[in-house]
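Colleague: Read top to bottom, the protein sequences are chains A and B.
The numbering of the first sequence is our numbering, which starts it at 5 and goes up by one.
The numbering of the second sequence is our numbering, which starts it at 334 and goes up by one.
Here a beta-carbon is modelled for each residue, glycine too, at the ideal position from N, C-alpha and C.
The structure presented is a predicted model; accordingly, all values stated were derived computationally and were not measured.
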Amino acid sequence: QQKVQQSPESLSVPEGGMASLNCTSSDRNFQYFWWYRQHSGEGPKALMSIFSDGDKKEGRFTAHLNKASLHVSLHIRDSQPSDSALYFCAAFNVLYFGSGTKLTVEP
Amino acid sequence: DPKIIQKPKYLVAVTGSEKILICEQYLGHNAMYWYRQSAKKPLEFMFSYSYQKLMDNQTASSRFQPQSSKKNHLDLQITALKPDDSATYFCASSQENTVSNERLFFGHGTKLSVL
Chain A
5 QQKVQQSPES
15 LSVPEGGMAS
25 LNCTSSDRNF
35 QYFWWYRQHS
45 GEGPKALMSI
55 FSDGDKKEGR
65 FTAHLNKASL
75 HVSLHIRDSQ
85 PSDSALYFCA
95 AFNVLYFGSG
105 TKLTVEP
Chain B
334 DPKIIQKPKY
344 LVAVTGSEKI
354 LICEQYLGHN
364 AMYWYRQSAK
374 KPLEFMFSYS
384 YQKLMDNQTA
394 SSRFQPQSSK
404 KNHLDLQITA
414 LKPDDSATYF
424 CASSQENTVS
434 NERLFFGHGT
444 KLSVL
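Quick look at the structure:
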């Protein structure tokens, strides 16, 4: 059973648009989350972490965590073609990764 | 300049053979990991090492054996290869092990194809 669920499986947004990715944990022990991004042919690269309820902003990326519902989201504003990649949510000492969301930003 | 070097980048093996995947990190980290990624499963944690000691093993099969000859090396030996072992294997490292706020740094991966 997947302990970290991600949605949607794939997402397409126009250049300059907002991309919203979601992640839900099924284990209340998972209260620390990371977002990773993987471009084709490369290894995953950490984007940002969030451990406290509420929003955390880093440049064009904003993560939101709701510990009560174990839901974390990643919002990318002003999306660029270079943001096209596979995005993973990771929980609990990065032992558990979600299945990923494939983001395509169309020029 | 890649700080985590994985060799080889591509590897083709026949069923039943044995292969070793190489990983070296030059980040000065104390913890190293192996992950596996295939089309069927998401990024899957396999092993974690800290100061050259095994910390966690989530791999059911004993055919997968990590080997740490130096602090910055963590190789992965796979014996009796099966077609189901076909995947991309990623090595990663972090400053310390099993701390929730540790950022992992990944290599570019070794893509293994078992025929």
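Take B:Lys340 as the anchor and find which of B:Val447, B:Tyr422 and B:Leu437 has the nearest alpha-carbon.
Modeller: Your numbering for residue 340 of chain B matches position 7 in the second sequence. The option with the nearest alpha carbon to B:Lys340 is B:Tyr422.
Colleague: Just checking: is the beta-carbon of B:Asn434 within a distance shorter than 8 Å of some beta-carbon in chain A?
Modeller: Your numbering for residue 434 of chain B matches position 101 in the second sequence. It does: the Cβ of B:Asn434 has a partner Cβ on chain A nearer than 8 Å.
Colleague: What number of angstroms, rounded off, separates the C-alpha of A:Phe37 from the C-alpha of B:Arg396?
Modeller: Reading the first sequence from its first residue, position 33 is the one you call residue 37 of chain A. Reading the second sequence from its first residue, position 63 is the one you call residue 396 of chain B. Near 31 Å, if we compare the C-alpha coordinates of B:Arg396 and A:Phe37.
Colleague: Are three or more beta carbon pairs between the stretch 352-371 of chain B and the stretch 57-74 of chain A nearer than 8 Å?
Modeller: The stretch 352-371 of chain B, when compared against the stretch 57-74 of chain A, does not touch it at the 8 Å Cβ threshold.
Colleague: Would you say B:Gly361 reaches chain A, if we count a Cβ-Cβ gap shorter than 8 Å as a contact?
Modeller: For the purposes of this step, residue 361 of chain B is taken as residue 28 along the second sequence, with counting starting at 1. With 8 Å as the cut-off, B:Gly361 does not count as an interface residue toward chain A.
Colleague: Looking at A:Gly102: is its Cβ nearer than 8 Å to the Cβ of A:Val8?
Modeller: Within the first sequence, the letter at position 98 stands for residue 102 of chain A. Within the first sequence, the letter at position 4 stands for residue 8 of chain A. Yes, the pair counts as a contact, with Cβ atoms nearer than the cut-off.
Colleague: Figure out for me which residue from B:His441, B:Leu445 and B:Ser446 has the closest Cα to the Cα of B:Glu357.
Modeller: The residue given as residue 357 of chain B occupies position 24 in the second sequence. Among B:His441, B:Leu445 and B:Ser446, the Cα nearest to that of B:Glu357 is on B:His441.
Colleague: Could you pull out every residue in the same chain whose Cβ sits closer than 7 Å to the Cβ of B:Ile355, ignoring the five residues on either side in sequence?
Modeller: Position 22 of the second sequence, counted from the start, is the residue given in the question as residue 355 of chain B. Closer than 7 Å at Cβ, skipping near neighbours: Gln339, Lys340 and Asp408.
Colleague: Rounded to whole angstroms, what's the CA-CA distance from B:Pro416 to B:Ser401? Just pull it up for me.
Modeller: Sequence index remark: in the second sequence, residue 416 of chain B carries index 83 (1-based). Sequence index remark: in the second sequence, residue 401 of chain B carries index 68 (1-based). Cα-Cα distance, rounded: 26 Å.
Colleague: With 8 Å set as the bound, which would you pick, yes or no: does the beta-carbon of B:Leu376 sit closer than that to a beta-carbon of chain A?
Modeller: Indexing the second sequence from 1 puts residue 376 of chain B at position 43. By this cut-off, B:Leu376 is an interface position.
Colleague: With B:Glu357 as the anchor, note down where its beta strand (DSSP E) starts and where it stops.
Modeller: Taking the second sequence and counting its residues from 1, one reaches residue 357 of chain B at position 24. Taken as a continuous stretch (DSSP letters only), the beta strand (DSSP E) holding B:Glu357 covers Lys352 to Gln358.
Colleague: Using Cβ-Cβ distances below 7 Å, what residues of the stretch 56-85 of chain A are close to chain B?
Modeller: Against chain B - using a Cβ distance shorter than 7 Å - the stretch 56-85 of chain A contributes no residues.
Colleague: Do A:Gln35 and A:Phe92 count as a contact pair if the criterion is CB distance below 8 Å?
Modeller: Residue 92 of chain A sits at position 88 when you count from the first residue of the first sequence. Residue 35 of chain A sits at position 31 when you count from the first residue of the first sequence. Contact flag unset, no.
Colleague: Are the CB atoms of B:Gln398 and B:Gln385 nearer to each other than 8 Å?
Modeller: One-based indexing of the second sequence puts residue 398 of chain B at position 65. One-based indexing of the second sequence puts residue 385 of chain B at position 52. Their beta carbons are not under 8 Å apart, which means B:Gln398 does not touch B:Gln385 by this criterion.
Colleague: For chain B, find out if any of its Cβ atoms is closer than 8 Å to the Cβ of A:Gly20; answer yes or no.
Modeller: For this step, residue 20 of chain A is matched to residue 16 along the first sequence. It does not: the Cβ of A:Gly20 has no partner Cβ on chain B nearer than 8 Å.
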